[in-house]
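Number of protein chains: 4
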Amino acid sequence: MARKPADQSVNKQDILLAAADVLQRNGYEATTMKDIAAEVNLTAASLYHHFRNKDTLLLAVLEAGLEQIIGQIEPIVHSRLSSADKLRQMITAHIVSLTQNTAVAAAMIFEMKSLVGGRSELDRNGDTAAHEEFVARQQAVIARRDQFEELFRQVVREGIERGEFRPVDVGIFTKTFLGAHNWVGLWYRPSGRLKGHEIAELMADTFLRALRP
Amino acid sequence: MARKPADQSVNKQDILLAAADVLQRNGYEATTMKDIAAEVNLTAASLYHHFRNKDTLLLAVLEAGLEQIIGQIEPIVHSRLSSADKLRQMITAHIVSLTQNTAVAAAMIFEMKSLVGGRSELDRNGDTAAHEEFVARQQAVIARRDQFEELFRQVVREGIERGEFRPVDVGIFTKTFLGAHNWVGLWYRPSGRLKGHEIAELMADTFLRALRP
Amino acid sequence: MARKPADQSVNKQDILLAAADVLQRNGYEATTMKDIAAEVNLTAASLYHHFRNKDTLLLAVLEAGLEQIIGQIEPIVHSRLSSADKLRQMITAHIVSLTQNTAVAAAMIFEMKSLVGGRSELDRNGDTAAHEEFVARQQAVIARRDQFEELFRQVVREGIERGEFRPVDVGIFTKTFLGAHNWVGLWYRPSGRLKGHEIAELMADTFLRALRP
Amino acid sequence: MARKPADQSVNKQDILLAAADVLQRNGYEATTMKDIAAEVNLTAASLYHHFRNKDTLLLAVLEAGLEQIIGQIEPIVHSRLSSADKLRQMITAHIVSLTQNTAVAAAMIFEMKSLVGGRSELDRNGDTAAHEEFVARQQAVIARRDQFEELFRQVVREGIERGEFRPVDVGIFTKTFLGAHNWVGLWYRPSGRLKGHEIAELMADTFLRALRP
DNA sequence: CATGAATGAGAGTTCATTCAT
DNA sequence: GATGAATGAACTCTCATTCAT
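Structure follows, in structure tokens:
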């Protein structure tokens, strides 16, 4: 599992990747600092040189994951493709990211729930400034996730307006296929019958057919 | 929150319901015996009169939830309806169960992951006999979940054979809509714009259209 | 050191006494839950059955100590003695309490500084209600300490008004002898040349002479 | 808070002053190497170029503080003043030092307790030679503090012999006023009603009156 | 000199679990 | 049945300290 030889120093990126990995395997609550540290051949204490605390670390994982997937999706939205082609490409990008680049993207969405409810460790220490910064970042991540979802809604809406898609409840329809995607992150095994891009294609077929006028 | 007055004795059913509730609110890892106990006006220690340990209790929640939803789905599968009508009814039953009867059904599937990976306390304590029984029940639950999923696959397959549905990858298609369903359990709020049965209808539309020949 | 045989259960009082002991020996910051627990033959974890957390426990120590010493001092203030006799008795009571009944009273005042500045553990957990209760109790203790000091100021003021004492700066004079008292708690050793009541008598002489018109 | 611009190199003196400051603000146990380092714009690691370890650093603070106050007191003791005038000047010097020059002197005495009891890191690491040197310095500081106290006792004793003062228990009397002084360090606030020299004058009045034959 | 990275030790705290009453 | 008391294990986080650069 260890991704780094013991005699090299580790940077934030390494830790984020490792954390994303553990996060996806174990879920938010079950992920311990020790687990993450082990993944990069460090002790738990060492992680605190790079991140103030567990919540901040995991927040950084979500931020990175979100930016990465949005970075892939956004250009498609603004391209000159047909709405159908856009949606197909976006679905593929999302699912492939969830299966292949698993580490960073999947964990993110699945555990967003945990993030929202919890209280930060900073809160506990009375470091109000730091705590407020954390809350701000947390809300920023939630807002960013909404923007991510909005990108999909936008394309669905556009397709309907252009007459490419039948009129559907945009919100529900989007949540429907995003739910299907995210779930892939839970059952996908690299050793399975189909690869990520094959699954993506099948799912894209499903949802594009469902949108036919 | 407490569902029982303090002066009444509590039975397994009460505890299972309470546990399902807490489970759905907090997730597997974040659910404590104390939380569950509080819900039925007991102390954590008292729960051990009814269940051997936490894992067993939560396993029982899953068993009950699974049996309940399967109990709803199975008659539909064996009815004389068209495959399309069967699927529509099954989808509705599942989603409504996940939103309305939330407590028992939703928690179950979402947290199944936690169950599978973990080691039981019994294992650690060397109580081999008990542990083996636990593992057996655990595997039974997993098998039962597969049977649950198979019920959906069966109807899809049947619809294809009957020519009602276009030929699709049955496994992926089924996972697609089950994923979409399960995800509903995460974002659904009773106060939201649409009720469970409305969401169910929209989702059923989506997937039935996607199956049109 | 252990005050309780291992086979008896322990109550809050036992813990408070033990904690006061440790507190006086080690000071606020250096006092660990483990130290306190060891004193009553428990593990640190067990202390959490009796007190929410360390701060609450130590606050309870201060409360108990304050109430005890105020309980001794107050009747003297309201008695019909001359101001000089009152002050002599109060000084004696205070110093004897600080030396003899050391455990409960001495620790209290000496470490109040730490108390005021710190943030409570409850604060950290977002248990706002509990945290507010803690803050309230904390402020109550500080207020009570001020009342304690006021009892002494009152007698000095009264003595001046009655003409028994020369006019002095009441605030500074009171802080002067209370400082001298508290310091006793730091250097007093039961094995020393003089006992508590002897020291008390000498100190009372000093301060009463200083007050002679 | 930082006392040095970031682009200047730092010497032992700077560190000692900074440490004394932090020490007085936070107390011995709550003072961290990082706190001290921050005060002089260094990292904790850098402090180890100047001092072997935390205990040694803090010991040096005490040494410096002690020497400074003794340096102020001693000439007074050996002057040709009356005992009363000597004592008044010594009391003033001590209290003013504790309030004004706060940083170095107050911390020292207040925390001496911590010093005596603790075990040094050196001890734990088996560096016996270094540890022995540390213990020697530690004992030297304690001895020096006794000499400091002895300076006061000496003047009291002298005053009694000269007939300027009434006969008192020299040890207790000295501890009485030194206790009162030290306590000032705990409650004094520069923003308070009285300045250090005013407090000093009032306290000197008190103790000199108490010594009148 | 100075520092970033790393760590072992230990603190406070939580939690599932046991047991005597 | 139910509970209060107790505990071991595990977790987050802090801190003094070391070392290569």
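Protein chains in written order, with the numbering used here: chain A, 1 to 213; chain B, 1001 to 1213; chain C, 2001 to 2213; chain D, 3001 to 3213. Don't be surprised by glycine CBs; every beta carbon is placed ideally from N, CA and C. Predicted model, so just to flag it, every value in this text is computed and none were measured.
Problem set entry | Cβ contact check for the stretch 2012–2022 of chain C and the stretch 2035–2042 of chain C: 3 or more pairs under 8 Å | The stretch 2012–2022 of chain C is in contact with the stretch 2035–2042 of chain C.
For this session: Thinking Phe165(A) and Pro213(A) are a contact (beta carbons under 8 Å), I'd like their distance in whole angstroms, please.
Result: Locating residue 165(A) in the first sequence gives position 165, counting from the first residue. Locating residue 213(A) in the first sequence gives position 213, counting from the first residue. For Phe165(A) against Pro213(A), the beta-carbon gap comes to about 7 Å, under 8 Å, which counts as contact.
For this session: Return helix, strand or coil for Val3077(D), following the three-state DSSP convention.
Result: Counting from one through the fourth sequence, the residue named residue 3077(D) turns up at place 77. The answer is helix: DSSP assigns Val3077(D) an H, G or I state.
Exercise. How long is the line joining the alpha carbons of Thr56(A) and His50(A), rounded to whole angstroms?
Worked result: The sequence position of residue 56(A) within the first sequence is 56, counting from 1. The sequence position of residue 50(A) within the first sequence is 50, counting from 1. About 10 Å.
Problem set entry | Cβ-Cβ distance between Phe148(A) and Ile70(A) below 8 Å | Here residue 148(A) refers to the residue found at position 148 of the first sequence. Here residue 70(A) refers to the residue found at position 70 of the first sequence. Yes, these two residues count as a Cβ contact at 8 Å.
Exercise. Skipping 5 residues on each side, what residues in its chain have a beta carbon closer than 8 Å to that of Ile3199(D)?
Worked result: Your numbering for residue 3199(D) matches position 199 in the fourth sequence. Result list for Ile3199(D): Ile3095, Thr3099, Val3184, Tyr3188, in chain order.
Problem set entry | Inter-stretch contact at 8 Å, needing at least 3 Cβ pairs: the stretch 3150–3163 of chain D / the stretch 2140–2159 of chain C | The answer is no - the stretch 2140–2159 of chain C does not touch the stretch 3150–3163 of chain D, with fewer than three Cβ pairs under 8 Å.
Exercise. Exposed or buried, Ser3012(D), counting other C-beta atoms within 10 Å across all chains shown (16 or more means buried)?
Worked result: Along the fourth sequence, read from residue 1 onward, the residue named residue 3012(D) stands at position 12. Residue 3012(D) is actually Lys in this sequence, not Ser. Burial is judged here by how many other beta carbons sit within 10 angstroms of a residue's own beta carbon; Lys3012(D) has fewer than 16 and is exposed.
Exercise. Could you check where the alpha helix (DSSP H) with Phe2148(C) kicks off and where it finishes?
Worked result: In the third sequence, the residue the question calls residue 2148(C) occupies position 148. Element bounds for Phe2148(C): 2128–2161.
Exercise. Would you say Val3077(D) reaches chain C, if we count a Cβ-Cβ gap shorter than 8 Å as a contact?
Worked result: Here residue 3077(D) corresponds to residue number 77 of the fourth sequence, with the count starting at 1. Taking Cβ atoms only, chain C never reaches closer than 8 Å to Val3077(D), which makes this a no.
Exercise. Using the C-alpha atoms, what's the distance from Glu1132(B) back to Arg209(A)?
Worked result: As a working note, residue 209(A) is residue 209 in the first sequence. As a working note, residue 1132(B) is residue 132 in the second sequence. Spanning the two alpha carbons is a distance of roughly 47 Å.
For this session: Can you pull the chain A residues whose beta carbon is under 8 Å from the beta carbon of Asp1014(B), in chain order?
Result: As a working mapping, residue 1014(B) is identified with position 14 in the second sequence. Near Asp1014(B) there are no residues of chain A at all, since even the closest Cβ is about 26 Å away, more than 8 Å.
For this session: Specify the secondary structure class of Leu47(A) as computed by DSSP and reduced to three states.
Result: As a first step, residue 47(A) is located in the first sequence; it is residue number 47 there, counting from the start. Under the three-state reduction of DSSP, Leu47(A) is assigned to helix.
Exercise. Can you find a CB in chain B that lies within less than 8 Å of the CB of Leu194(A)?
Worked result: The residue labelled residue 194(A) in the question sits at position 194 within the first sequence. True, the Cβ-Cβ gap to chain B drops below 8 Å.
Exercise. Do Leu1066(B) and Leu1023(B) have their C-beta atoms closer together than 8 Å?
Worked result: The sequence position of residue 1066(B) within the second sequence is 66, counting from 1. The sequence position of residue 1023(B) within the second sequence is 23, counting from 1. One thing to note: Leu1066(B) has its Cβ no nearer than 8 Å to the Cβ of Leu1023(B).
For this session: Since I believe Ala2093(C) is in contact with Gln2072(C) (beta carbons under 8 Å), could you give me their beta-carbon distance rounded to a whole number of angstroms?
Result: Counting from one through the third sequence, the residue named residue 2072(C) turns up at place 72. Counting from one through the third sequence, the residue named residue 2093(C) turns up at place 93. Right, their Cβ atoms sit about 5 Å apart.
Problem set entry | Partner residues on chain C for Ile3172(D), Cβ-Cβ distance less than 8 Å | Within the fourth sequence, numbered from 1, the residue matching residue 3172(D) stands at position 172. What Ile3172(D) touches in chain C: Leu2194, Ile2199, Leu2202, Met2203.
For this session: Check distances from the C-beta atoms of the stretch 179–192 of chain A to those of chain B and list, in chain order, the residues that come in under 8 Å.
Result: For the stretch 179–192 of chain A, which is checked against every Cβ of chain B, the residues closer than 8 Å are Gly179, Ala180, His181, Asn182, Trp183, Val184, Leu186, Trp187.
Exercise. Are any of the Cβ atoms in chain A nearer than 8 Å to that of Glu1150(B)?
Worked result: For the purposes of this step, residue 1150(B) is taken as residue 150 along the second sequence, with counting starting at 1. It does not: the Cβ of Glu1150(B) has no partner Cβ on chain A nearer than 8 Å.
Exercise. Under a CB-based cut-off of 8 Å, is Thr2043(C) close to chain D?
Worked result: Sequence index remark: in the third sequence, residue 2043(C) carries index 43 (1-based). It does not; no Cβ of chain D falls within 8 Å.
Problem set entry | Residue from Asn3026(D), Arg3052(D), Ala3180(D) whose Cα sits closest to the Cα of Ala3129(D) | Indexing the fourth sequence from 1 puts residue 3129(D) at position 129. Out of Asn3026(D), Arg3052(D), Ala3180(D), Arg3052(D) has the C-alpha closest to the C-alpha of Ala3129(D).
Exercise. For Thr2032(C), does the count of other Cβ atoms within 10 angstroms reach 16, so buried, or fall short, so exposed?
Worked result: Your numbering for residue 2032(C) matches position 32 in the third sequence. Burial call: exposed.
Problem set entry | For Leu1178(B), the nearest candidate out of Arg1088(B), Tyr1028(B), Val1141(B) (CA to CA) | Position 178 of the second sequence, counted from the first residue, corresponds to residue 1178(B). Nearest of Arg1088(B), Tyr1028(B), Val1141(B) to Leu1178(B), Cα basis: Arg1088(B).
Problem set entry | chain D within 8 Å of Glu2029(C), Cβ atoms only | The residue labelled residue 2029(C) in the question sits at position 29 within the third sequence. It does; some Cβ of chain D falls within 8 Å.
Problem set entry | CB of Val2168(C) within 8 Å of CB of Leu2202(C), strictly | For the purposes of this step, residue 2168(C) is taken as residue 168 along the third sequence, with counting starting at 1. For the purposes of this step, residue 2202(C) is taken as residue 202 along the third sequence, with counting starting at 1. The Cβ atoms of Val2168(C) and Leu2202(C) do not sit closer than 8 Å to each other.
Problem set entry | Opening and closing residue of the alpha helix (DSSP H) in which Asn2182(C) lies | Position 182 of the third sequence, counted from the first residue, corresponds to residue 2182(C). For Asn2182(C), the enclosing alpha helix (DSSP H) has its first and last residue at 2170–2187.
For this session: Tell me whether Val96(A) sits in a helix, a strand or coil according to DSSP, three-state version.
Result: Position 96 of the first sequence, counted from the start, is the residue given in the question as residue 96(A). Helix, per DSSP.
Problem set entry | Buried versus exposed call for Ala2140(C) [16 or more other C-beta atoms within 10 Å across all chains shown] | For the purposes of this step, residue 2140(C) is identified with residue 140 of the third sequence, where counting begins at 1. The residue in question, Ala2140(C), is exposed, as its Cβ has fewer than 16 Cβ neighbours within 10 Å.
For this session: State the Cα-Cα distance for the pair Gln138(A) and Arg145(A), rounded to the nearest angstrom.
Result: Within the first sequence, the letter at position 138 stands for residue 138(A). Within the first sequence, the letter at position 145 stands for residue 145(A). So the two alpha carbons sit approximately 11 Å from each other.
For this session: Using a Cβ-Cβ cut-off of 8 Å, state whether Asp1146(B) counts as contacting chain A.
Result: Start at 1 with the first residue of the second sequence, and residue 1146(B) comes out as number 146. Chain A contact via Cβ: absent.
Exercise. Can you name the residues of chain C whose CB is closer than 9 Å to the CB of Arg3209(D)?
Worked result: On the fourth sequence, position 209 is the one that residue 3209(D) refers to. Identification of chain C residues near Arg3209(D) by a Cβ-Cβ cut-off of 9 Å yields Arg2166, Arg2209, Ala2210, Leu2211, Arg2212, ordered along the chain.
Exercise. Once you ignore the five residues that flank Ser9(A) on each side, which residues in its own chain have a CB closer than 8 Å to its CB?
Worked result: Taking the first sequence and counting its residues from 1, the one referred to as residue 9(A) is at position 9. Closer than 8 Å at the Cβ level, and outside the excluded window around Ser9(A), lies no residue.
Exercise. Are the C-beta of Asp55(A) and some C-beta of chain B separated by less than 8 Å?
Worked result: For the purposes of this step, residue 55(A) is taken as residue 55 along the first sequence, with counting starting at 1. Answer no: the Cβ-Cβ gap between Asp55(A) and chain B never drops below 8 Å.
Exercise. Would you say Lys1175(B) faces chain A, with C-beta separation under 8 Å as the test?
Worked result: Translated into the one-based positions of the second sequence, residue 1175(B) becomes position 175. So, interface residue.
For this session: Give me the Cα-Cα distance between Thr3043(D) and Phe3152(D), rounded to the nearest whole angstrom.
Result: Here residue 3043(D) is taken as the residue at index 43 of the fourth sequence, counted from 1. Here residue 3152(D) is taken as the residue at index 152 of the fourth sequence, counted from 1. If I take the Cα positions, the gap works out to 41 Å.
Problem set entry | chain C residues whose Cβ lies nearer than 8 Å to that of Thr3206(D) | For the purposes of this step, residue 3206(D) is taken as the residue at position 206 of the fourth sequence. By Cβ distance, chain C contributes Val2168, Phe2173, Thr2176, Phe2207, Ala2210.
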